[in-house]
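Number of protein chains: 2
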Amino acid sequence: MSATPVAVTPSSPKRDHLMTTAWRLFYRDGYRAVGIDTLLAEAEVAKMTLYNHFASKEELIVAVLERRSAELLASVDTAIEVAGKNPQKRLSSVFDGLKHWFQTDDFKGCAFIRALSEYPEPVHPIHQSAWSHKRQMNARLLSIVTPAGAKNSAQLADTISLLIDGAIVAAHATGSALSADTARSAALSLLKSATA
Amino acid sequence: MSATPVAVTPSSPKRDHLMTTAWRLFYRDGYRAVGIDTLLAEAEVAKMTLYNHFASKEELIVAVLERRSAELLASVDTAIEVAGKNPQKRLSSVFDGLKHWFQTDDFKGCAFIRALSEYPEPVHPIHQSAWSHKRQMNARLLSIVTPAGAKNSAQLADTISLLIDGAIVAAHATGSALSADTARSAALSLLKSATA
DNA sequence: AGTCAAATAGACAGATTTGTCTATTTTGTT
DNA sequence: AACAAAATAGACAAATCTGTCTATTTGACT
Numbered sequence: 550m551s552a553t554p555v556a557v558t559p560s561s562p563k564r565d566h567l568m569t570t571a572w573r574l575f576y577r578d579g580y581r582a583v584g585i586d587t588l589l590a591e592a593e594v595a596k597m598t599l600y601n602h603f604a605s606k607e608e609l610i611v612a613v614l615e616r617r618s619a620e621l622l623a624s625v626d627t628a629i630e631v632a633g634k635n636p637q638k639r640l641s642s643v644f645d646g647l648k649h650w651f652q653t654d655d656f657k658g659c660a661f662i663r664a665l666s667e668y669p670e671p672v673h674p675i676h677q678s679a680w681s682h683k684r685q686m687n688a689r690l691l692s693i694v695t696p697a698g699a700k701n702s703a704q705l706a707d708t709i710s711l712l713i714d715g716a717i718v719a720a721h722a723t724g725s726a727l728s729a730d731t732a733r734s735a736a737l738s739l740l741k742s743a744t745a
Numbered sequence: 550m551s552a553t554p555v556a557v558t559p560s561s562p563k564r565d566h567l568m569t570t571a572w573r574l575f576y577r578d579g580y581r582a583v584g585i586d587t588l589l590a591e592a593e594v595a596k597m598t599l600y601n602h603f604a605s606k607e608e609l610i611v612a613v614l615e616r617r618s619a620e621l622l623a624s625v626d627t628a629i630e631v632a633g634k635n636p637q638k639r640l641s642s643v644f645d646g647l648k649h650w651f652q653t654d655d656f657k658g659c660a661f662i663r664a665l666s667e668y669p670e671p672v673h674p675i676h677q678s679a680w681s682h683k684r685q686m687n688a689r690l691l692s693i694v695t696p697a698g699a700k701n702s703a704q705l706a707d708t709i710s711l712l713i714d715g716a717i718v719a720a721h722a723t724g725s726a727l728s729a730d731t732a733r734s735a736a737l738s739l740l741k742s743a744t745a
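Quick note, the sequences are listed as chains A and B, same order.
For reference, each letter of the first sequence is one residue, going 550 to 745 in the numbering used here.
For reference, each letter of the second sequence is one residue, going 550 to 745 in the numbering used here.
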């Protein structure tokens, strides 16, 4: 047996720092809007350091999205677990997290929806990476509603996914966090109908 | 009394043609991704013609979005009217239109959500123009569910808006039109609950 | 101290960005 | 045919874009 399995991408302080800064700027202003030079100036990192760690800007964006996805999924997993075993409470905790997020100062919508939007071609790696996150989020919802005994649980999870994405877009557009409550009410109502 | 009231923006063949080409390219590739020169080459129009009709690229984008919004709202109004007076049928017709749209070859999601995504700052004119469309669409939904006697009809219309936007994003990401049916089922189910 | 990899500054390429300006030609209307 | 408005080509500015290359310096480990 070998030692701990190798990480896919070797971790490095500079690489991490670049990704952190890149995330901040991309999320704040947009992927195409932020140029490499701006990022490098903000991160105080040399250009060759970036291109030694990432083959291209595109690859950097994908890396940033995947890290963000992992963080987000972990945070949702934790919230669900903390909420206990009751399916309604578990589901509601997802919308609690959503609402809290909407109220943060630097909230600018969903980085993945915005990535889909800026790279609209479905075959594009960034597009695919973004959707991959949404599919994984859907899996979490399914793991909530299936044990609740909901009939057609897959469709219910899909519906809740629609509500969540719609709520994020609405919150971004309006600056209001109310859409989280709207989506929560609908989700709980649909769950109730599906378990009746 | 004067003759017919003046149009806010004088109609012109060149202006129209520019907007048509701009719409096609912006929707296909993205607002930031399409440069002025690309647009002019595709439209076979001189640069000064563009800048005689529009003060800036930003103004052109807003004009394109507003025209598209007017077209879309008119098409929804027609669909609702054709569907008759029954609220369920009216609501369902909206999702028929959605599904049909998802199946078109050049479908690339919602131009307005994508505009919100590319111009994430809420004070930005493009951002505001995009959200203005969503509010007007919400008004149509409200005009469907209110006469149905739904309690809390405003919240119901909001919820259906969330479902629609979520469905558009999902259809764009997956290339599947199934999200239209998922959203329709949920919308009808919620309408039923609200009128029980 | 010596070695080797990593990070640095900075020039450079070549293309592209939005927008302005001029001088000419086309078009539509009396 | 004469006039005026609209559209044209094309140069130009000044900035920005991603990515490459070189030569030098830094930092860590033995």
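Here a beta-carbon is modelled for each residue, glycine too, at the ideal position from N, C-alpha and C.
Candidates the options: closest to residue i by CA position
i	options	result
valine 643/B	Ala729/B, Leu740/B and Ala743/B	Ala729/B
glutamate 607/B	Ala688/B, Ala571/B and Asp626/B	Ala571/B
serine 746/B	Ser738/A, Leu691/A, Ile709/A and Val718/A	Residue 746/B is absent from the structure shown; chain B starts at 550 and stops at 745.
glutamate 615/A	Gly646/A, Val631/A, Arg684/A and Ala582/A	Arg684/A
aspartate 655/B	Leu574/B, Ala664/B and Thr695/B	Leu574/B
arginine 564/A	Gly715/A, Tyr600/A and Ala664/A	Tyr600/A
cysteine 659/A	Leu588/A, Arg733/A, Ser641/A and Met686/A	Met686/A
threonine 598/A	Arg733/A, Gly633/A, Ser561/A and Gly715/A	Ser561/A
serine 618/B	Ala735/B, Ile585/B, Gln677/B and Ala703/B	Gln677/B
alanine 716/A	Ala703/A, Ala735/A and Ala699/A	Ala735/A
leucine 690/B	Ser641/B, Asp578/B, Tyr576/B and Ile675/B	Ser641/B
histidine 682/A	Thr695/A, Thr587/A, Glu620/A and Gly584/A	Glu620/A
tyrosine 576/A	Arg663/A, Asn635/A and Ala623/A	Arg663/A
threonine 695/B	Trp650/B, Ile675/B and Asn635/B	Asn635/B
serine 605/A	Ala699/A, Ile585/A and Asp578/A	Ile585/A
threonine 569/B	Asp578/B, Leu588/B and Gly633/B	Leu588/B
glutamine 704/B	Ala703/A, Gly633/A, Gln704/A and Arg733/A	Arg733/A
Short Cβ contact (8 Å threshold) for residue i with residue j
i	j	result
alanine 697/B	leucine 740/B	yes
alanine 726/B	lysine 657/B	no
alanine 661/B	alanine 688/B	According to the sequence provided, residue 661/B is phenylalanine. The question's alanine does not apply to it. In this structure, alanine 688/B does not lie closer than 8 Å to phenylalanine 661/B by Cβ.
threonine 731/B	leucine 711/A	yes
arginine 592/A	leucine 567/A	Correcting the residue identity first, residue 592/A is alanine in this sequence and not arginine. For alanine 592/A and leucine 567/A, yes; Cβs fall inside 8 Å.
asparagine 701/A	alanine 743/A	yes
valine 631/A	glycine 646/A	no
phenylalanine 603/B	alanine 595/B	no
isoleucine 713/B	arginine 639/B	no
Whole-angstrom C-beta distance between residue j and residue i, which should lie under 8 Å
i	j	result
glutamine 637/B	leucine 737/B	6 Å
tyrosine 580/A	isoleucine 629/A	Incorrect: roughly 30 Å between the Cβ atoms, too far for contact.
Can you list, in chain order, the residues of the segment 649 to 676 of chain B whose Cβ is nearer than 7 Å to any Cβ on chain A? Lys657, Gly658, Ile662, Arg663, Leu665, Ser666, Glu667, Pro669 and Pro671
Would you call the segment 709 to 725 of chain B and the segment 668 to 681 of chain A touching, i.e. three or more CB-CB distances under 8 Å? yes
According to a CB-to-CB cut-off of less than 8 Å, which residues of the segment 706 to 726 of chain B neighbour chain A? Asp707, Thr708, Ser710, Leu711, Leu712, Ile713, Asp714, Gly715, Ala716, Val718, Ala719, His721, Ala722, Thr723 and Gly724
At a Cβ cut of 8 Å, what residues of the segment 679 to 708 of chain A count as close to chain B, listed as they run along the chain? Ala679, Trp680, Lys683, Gln704, Asp707 and Thr708
At a CB distance below 7 Å, what residues from the segment 593 to 608 of chain B approach chain A? Give them in sequence order. none
To be precise: take each residue of the segment 728 to 742 of chain B, compare its Cβ to all Cβ atoms of chain A, and keep it if any distance is under 8 Å. Which residues remain? Ser728, Thr731, Ala732, Ser734, Ala735, Ser738, Leu739 and Ser742
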